[in-house]
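Structure first, commentary second.
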Amino acid sequence: MKHHDAPFAVYLHAFPWALLRISVALLQLACVTFYAFSAWLYHRLLSTFVVFTLDLYSISVPIRHFPLLARLHLLIAITHLLLFLRPAILDVGARVSSWTARRLSSHRLEYLGRTLRNVHSATLSLPKPMIKARKFILTSFRYFFGRRGVFGVASPHFDLLFVIRELVETALQSAQAANMARLLSRRWIHRFYVGMIVLNCWGTPLLRRVFRHDKPSQRLASLLGDIVLDFFSVVLVPVYLFQIYVQDYDPELSDFPSLLWYQDVWLVTFLHEIQLVVLSSWTDAASRLIFSLNLVANINAVCNLVKRSPSSRHQSLRAVHPVPANLAIDPKHGSNM
Numbered sequence: 040m041k042h043h044d045a046p047f048a049v050y051l052h053a054f055p056w057a058l059l060r061i062s063v064a065l066l067q068l069a070c071v072t073f074y075a076f077s078a079w080l081y082h083r084l085l086s087t088f089v090v091f092t093l094d095l096y097s098i099s100v101p102i103r104h105f106p107l108l109a110r111l112h113l114l115i116a117i118t119h120l121l122l123f124l125r126p127a128i129l130d131v132g133a134r135v136s137s138w139t140a141r142r143l144s145s146h147r148l149e150y151l152g153r154t155l156r157n158v159h160s161a162t163l164s165l166p167k168p169m170i171k172a173r174k175f176i177l178t179s180f181r182y183f184f185g186r187r188g189v190f191g192v193a194s195p196h197f198d199l200l201f202v203i204r205e206l207v208e209t210a211l212q213s214a215q216a217a218n219m220a221r222l223l224s225r226r227w228i229h230r231f232y233v234g235m236i237v238l239n240c241w242g243t244p245l246l247r248r249v250f251r252h253d254k255p256s257q258r259l260a261s262l263l264g265d266i267v268l269d270f271f272s273v274v275l276v277p278v279y280l281f282q283i284y285v286q287d288y289d290p291e292l293s294d295f296p297s298l299l300w301y302q303d304v305w306l307v308t309f310l311h312e313i314q315l316v317v318l319s320s321w322t323d324a325a326s327r328l329i330f331s332l333n334l335v336a337n338i339n340a341v342c343n344l345v346k347r348s349p350s351s352r353h354q355s356l357r358a359v360h361p362v363p364a365n366l367a368i369d370p371k372h373g374s375n376m
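Quick note, this note's numbering runs 39 ahead of the 1-based positions in the sequence shown.
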C-alpha cells in the first residue's frame, strides 16, 4: 500500500485495488437489499397478525409510524444504490463523451457546442436570487462534503471529527450491547459484538500508530474498521434473527402457528429478540439511523480515498480524445470562439 502526496489518496496495485472495489460493491449491494427489504417488511407487517402482538406488548415503534419507517429505509436503500451505480455512471459518461467526440462530424459538433452554450447562457439568465441560491448550495456542499471539505476524507479536520464521531458511536454501541445482553438468548452474538467494540476501541489508536507516517492509509484502515462494526450491528444481527423466525412463519395465516404462541419459552424469546429486528423505540431508531448514515458516509469516503496505482493501469487505459475546442464553454463569455 502506498500513496502520493498529491492528490490525497491511497494507491493500490491492480489486484488489491480490484479486491477492495469488489468487496465494497458487494457490501453496497447487501445494504441495498437489506434496506429495501426492510422498507417492504414494515409495509407488509401492517397486513399481518404479528403487528398486533408488537402493538399489544409495546415492543416496537407505534405501528401507525410504520409507513414512515418504510419510506426512511427506502431512502437509505436508494442512497446506497446511487453510490453503487456512481462509478458505472461516470464511466459510461466518459465513454459516451469520447465516442461523441470521435464520431460526430465537425458540423454536428458545432451544433452541439451551440446547444451547450445556449443552455449555459439560459442558466446565466436566470433571476439573480436563483443564481445566488444555486451558487450558495453548491459552494456550501463543497465546503462541507467535498473531498477536502470540512467532513471530507482529505479534510485537515478529519482526524478530530472522526474521534468525536467514534466517541458518540462507542457510547451508542455500548448501549446497544447492553440491550443485546438483556434481550438475546443467543449469548455468543452479544459476546462477539462486545469483542468487536473492544477491538475497535483499541484498534483505532493502534492503526494510527502503525500508519503514523501515512495519513491516507491511516484513515483508510480506520474507516474499514468502522464499516465492519456498523454493518454487523445494523445489518447482520437483524438478518440473522429474522431468518430464524421466518422459518416458523406461516404466510397463509399471516401469522405464526397458534401452537407456538402457547409455548412459553418460544414466546418470551420471540418478544425479546424481535426488538432487535424491528425498531423497538424512537431512541433505538435514532441510534440505528446514526449507524446507517455513518455506514453510507464511510463507504463513500473509502471510494473517494482509494485509487488504482497509475503504474498498474497505464497499459490498460484506452486513449480518451479531448473534447474539441468548439464544445468548450467560457464561464465569462459563454464561448471560446
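Where is the CB? At the ideal position from N, CA and C, for every residue including glycine.
Residue i - DSSP class collapsed to helix/strand/coil
i: Tyr50; result: strand
i: Val71; result: helix
i: Arg225; result: coil
i: Asp198; result: helix
i: Asp294; result: strand
i: Arg187; result: coil
i: Asp94; result: helix
i: Arg251; result: coil
i: Asp269; result: helix
i: Val316; result: coil
i: Gln354; result: Per-residue confidence for Gln354 stands at a pLDDT of 48, beneath the threshold of 50, marking its modelled position as unreliable; the derived number appears in the next sentence. Note: Gln354 maps to coil in three-state DSSP.
i: Val237; result: helix
i: Asp23; result: Past the boundaries of the shown model lies residue 23; the chain is included only from 40 to 376, so the question cannot be answered.
i: Val345; result: strand
i: Val274; result: helix
i: Leu85; result: coil
i: Gln302; result: coil
i: Val192; result: coil
i: Ser99; result: coil
i: Ser374; result: Low confidence applies to Ser374: its pLDDT is 46, below 50, so where it sits in the model is not reliable enough to give any reading.
i: Leu59; result: helix
Supposed close pair residue i, residue j - CB separation, criterion 8 Å
i: Ser99; j: Leu318; result: 6 Å
i: Val335; j: His119; result: 7 Å
i: Phe123; j: Leu59; result: No, Phe123 and Leu59 are not in contact; Cβ-Cβ is about 15 Å, not under 8 Å.
i: Asp289; j: Pro296; result: 6 Å
i: Ala78; j: His104; result: At roughly 14 Å, the Cβ-Cβ gap does not stay under 8 Å, so Ala78 and His104 are not in contact.
i: Ser272; j: Phe330; result: 6 Å
i: Ala48; j: Lys346; result: 4 Å
i: Phe109; j: Val71; result: Sequence check: residue 109 is Ala here, not Phe. That belief does not hold up - the Cβ atoms of Ala109 and Val71 are roughly 15 Å apart, past 8 Å.
i: Gly264; j: Gly234; result: That belief does not hold up - the Cβ atoms of Gly264 and Gly234 are roughly 13 Å apart, past 8 Å.
Straight-line Cα distance separating residue j from residue i
i: Asp287; j: Ala340; result: 40 Å
i: Leu84; j: Leu93; result: 10 Å
i: Trp227; j: Val278; result: 16 Å
i: Phe15; j: Val207; result: The chain is shown only over 40 to 376; residue 15 falls outside these bounds and no answer can be derived.
i: Phe281; j: Gln215; result: 18 Å
i: Phe73; j: Phe54; result: 28 Å
i: His252; j: Val316; result: 42 Å
i: Ala57; j: Cys342; result: 12 Å
i: Met219; j: Ile176; result: 42 Å
i: Ser97; j: Gln314; result: 10 Å
i: Ser355; j: Lys174; result: Its pLDDT being 49, under 50, Ser355 is placed unreliably in this model, and the value from its coordinates should be taken loosely. Each residue's Cα considered, the two are about 38 Å apart.
i: His196; j: Ile203; result: 11 Å
i: Asn333; j: Val63; result: 15 Å
i: Leu3; j: Leu298; result: No answer is possible for residue 3: the residues shown for the chain start at 40 and end at 376.
i: Gly185; j: Leu199; result: 17 Å
i: Phe88; j: Ile102; result: 12 Å
i: Thr301; j: Phe91; result: Per the sequence shown, residue 301 should be read as Tyr rather than Thr. Rounded to whole angstroms, Tyr301 to Phe91 spans 16 Å at the Cα level.
i: Leu246; j: Ala217; result: 27 Å
i: Ser179; j: Val307; result: 51 Å
i: Ala75; j: Leu222; result: 26 Å
i: Ser194; j: Ile266; result: 19 Å
i: Thr209; j: Pro168; result: 44 Å
i: Lys171; j: Gly188; result: 20 Å
i: Arg248; j: Leu114; result: 38 Å
i: Arg125; j: Ser320; result: 34 Å
C-beta atoms of residue i and residue j nearer than 8 Å
i: Ser213; j: Ile236; result: yes
i: His52; j: Ser348; result: yes
i: Asn239; j: Leu268; result: yes
i: Phe270; j: Leu66; result: yes
i: Ser224; j: Glu291; result: no
i: Phe309; j: Tyr284; result: yes
i: Val192; j: Leu328; result: no
Cutoff 8 Å: residue i Cβ touching any chain D Cβ
i: Trp321; result: Protein chains in the displayed structure number just one, and chain D is not present.
Residue i beta carbon near the ligand COA (any heavy atom closer than 7 Å)
i: Leu245; result: No copy of the ligand COA occurs in the structure displayed, which carries no ligand at all.
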